[in-house]
Structures are given as C-alpha cells and as structure tokens.
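All remarks here apply to the structure that follows.
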Amino acid sequence: MNPKLAIIMGSDSDFPVFNKGIQFLKDSGIPFRMEVTSAHRTPERTVSLVREFEEQGIQVIIAAAGGAAHLAGVVAAHTLLPVLAVPISSPLMGLDSLLSMVQMPGGIPVATFGIGESGALNAILFALSIIGPGDKTILDQARKFRSEQAESVLKKNHQLQEKIRNK
Ligand code: RP5
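Numbering of the sequence shown is given in the numbering used here, commencing with residue 3 and proceeding in unit increments.
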C-alpha cells in the first residue's frame with residue numbers, strides 16, 4: 003500500500019514528540035513517509051519534497067517545527083493538500099512556534115494543533131480522519147484506536163474504584 007500520509011519535521015530534534023504516534027502507525031500497519039526538511043535550512047528540498055508527495059499520492063502532510071516555525075506555512079503555500087501543523091517546544095516554550103503556525107495570513111490555510119506530543123498524536127489521528135473515508139483499512143484502525151483508548155480509561159477507573167474500596 004502506498005503511503006497517504008507524510009510527516010515532515012524541521013529538525014531530527016523534533017522527532018521525540020512523534021514517538022507515540024509513530025508507534026501507533028507502525029503497530030496499525032499504516033504506511034507513512036517521514037522526512038527532516040527545513041523551511042530555512044533546506045528551502046529548495048522542502049518544495050521539491052512537496053512535489054514528490056503530490057506525485058506519490060500523499061493526501062495529508064503533517065509539518066512539525068519549532069521557533070520561527072515557517073515549515074507548515076511554506077508547505078501550504080506550495081500545495082492544495084491539507085497541511086496540519088505541529089508546534090514544537092522551544093526556548094519560549096513553543097509559544098513562538100504555535101503563533102507562527104496558527105497566525106497564517108488569510109488565503110493559505112494551515113490547521114494547527116497543540117504544542118508537543120499531544121498535538122503530534124492528534125495531528126496523526128486527524129490525518130486518519132481525513133484519509134479514512136476513502137480507505138476502509140485506515141478508518142478501521144482509527145476506530146480501533148478510539149475503542150482501545152476508551153477501554154483503557156474504563157480499566158483505570160476500575161483500578162481507582164478498587165483503590166478507594168481498599169483504603
Ligand atoms: C526548527 O528549529 C526545528 O523544527 C527545531 O524545532 C528547531 C531547532 O532545530 P535544531 O537546532 O535542534 O536542529 O527549525
């Protein structure tokens with residue numbers, strides 16, 4: 003199966019926020035591409051990657067970056083594919099990254115998620131919601147994630163009740 007999801011990061015130092023999401027994609031057998039490319043340090047490669055993604059049939063691009071985080075905006079400027087932005091924490095605690103991504107000028111949309119790990123996981127799950135209606139395998143995996151998550155909350159609640167009972 004060709005990947006329909008591409009994840010790009012401004013630096014390899016951004017990778018840790020994707021640990022949980024990548025584990026989920028791998029466990030679910032969902033193919034994806036992941037590349038390091040920077041809007042500032044490798045601007046030409048960034049644009050050529052976007053072309054490559056379009057030619058390969060990628061349907062959603064997740065772009066993560068920190069600081070003066072222009073990656074998602076630059077990518078969105080070069081494609082009509084949906085671009086989901088993940089702000090990475092920074093010396094300013096990621097507020098700079100978040101604002102760089104969320105405050106796009108009208109006309110070039112970027113859907114921005116929360117800072118860090120939760121944002122990265124939600125961007126991946128959101129990408130599956132976009133791709134899912136056209137791909138039953140992906141939709142099934144997204145449903146499975148939700149139900150396993152609900153089960154784990156119920157289990158934690160059960161453990162909590164036991165703890166209270168035994169106090
Ligand atoms: C951004 O600068 C990257 O996305 C990263 O979050 C930040 C720092 O990059 P490194 O100096 O760790 O490579 O472009």
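No residue lacks a Cβ here, since even glycine has one placed at the ideal position from N, Cα and C.
Indicate the three-state DSSP secondary structure (helix, strand or coil) for residue i in the structure shown.
i           : result
residue 82  : coil
residue 12  : coil
residue 34  : strand
residue 59  : coil
residue 41  : coil
residue 137 : coil
Leaving out five residues on either side along the sequence, give the residues of the same chain with a beta carbon under 8 Å from the beta carbon of residue i.
i           : result
residue 144 : 127, 130, 131 and 134
Report the partner residues of residue i according to the DSSP bridge assignment.
i           : result
residue 7   : 34 and 62
residue 89  : 67
residue 114 : 87
Could you tell me if residue i is buried or exposed, where buried requires 16 or more neighbouring beta carbons within 10 angstroms of its beta carbon?
i           : result
residue 16  : buried
residue 51  : buried
residue 111 : exposed
residue 155 : exposed
residue 70  : exposed
Give me, in chain order, the residues of the same chain whose beta-carbon lies closer than 7 Å to that of residue i; leave out the 5 immediate sequence neighbours on both sides.
i          : result
residue 22 : 119 and 123
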